[in-house]
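Presented below is the structure to which this report refers.
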Amino acid sequence: MVTTSTPHINPKGVDIAETILLPGDPLRAKFIAETYLDDIRCFNEVRNILGFTGTYRGRPVSVMGTGMGIPSISLYSYELIHFFGVKNLIRVGTCGAMQANMNLYDVVIAQGASTNSNYLHQFNLPGFWAPLSSYRLLEQAKRIADNRSQRTHVGNVLSSDLFYGADPDAMTKWMKMGILAVEMESAGLFANAAAAGVDALGIFTVSDHLITNAETTAAERQTAFTAMIEIALELV
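Going by UniProt numbering, the sequence shown opens with residue 1, and the numbers climb by one from there.
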């Protein structure tokens, strides 16, 4: 039984499972819990970052919002790992496609995460490091996606600190290096997991396209990305 709390997570005696799904939007966490999990209990409401624990096909799993960006997910993932014993952290969210062969609603599984953030500098490494996801989780997720005939891309993503950037050519430069998609969290999550020796993965749905300018609606971003969620839950 979890008895501890942190300034940002107060489970009030509710267990947090060793496997957790981490959408950015707390309302998406609520949607996942209410749609897919049985016996759900709320373990966090601090700052309206909602967290729930339940079961999926009889196996315990938690889901919690993280907010947007590397600083936010890094804070929550650090506490989940070091104070609550979480071992498998699966980021689920949206991304912007950066390659021409990608379509809206395609699923991206992040093998690694490049970044323009300085978050990784704290590790004082003698060079540049692009943190990787867990190969165990990645291989399982790809197999699950293939069995569902889900159109999927596996590779490097960009975890950007910028949603509105000043350099109009910045994304083009990343595209030329084969970056599949841009999001805002994976590098921080993968780095925290690597430093602690636990497993992390990022699974994303393409919500907009940086080349074609195609995009989904806000309502679709809230509830329509079921394939990504179901793949993540099958990893439990």
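By construction, the Cβ of each residue, glycine as well, lies at the ideal position given by its N, Cα and C atoms.
Assigned with DSSP and collapsed to three states, methionine 64 falls in strand. Between serine 74 and asparagine 116, the beta carbon gap of about 15 Å keeps them out of contact (Cβ cut-off 8 Å). Counted as a single uninterrupted DSSP element, the alpha helix (DSSP H) harbouring glutamate 34 occupies residues 26-36. Take alanine 17, set aside five residues on each side of it, and the residues of its chain with a beta-carbon closer than 6 Å to its own are Thr53, Pro60, Val61, Ser62, in chain order. Taking 9 Å as the cut-off, the Cβ atoms of isoleucine 40 and proline 26 do not count as close. Straight across, the Cα-Cα distance linking glycine 93 with proline 168 is about 24 Å.
At the C-beta level, asparagine 10 and glutamate 34 stay beyond 9 Å of one another.
In this structure, isoleucine 229 and methionine 98 do not form a Cβ contact; the two beta carbons are roughly 23 Å apart against a cut-off of 8 Å.
The beta carbon of leucine 162 lies closer than 6 Å to none in the same chain, with the five residues before and after it left out. Per DSSP, glycine 188 is one residue of the alpha helix (DSSP H) stretching across 186-196. A direct Cα-Cα distance of roughly 15 Å separates alanine 113 from leucine 137.
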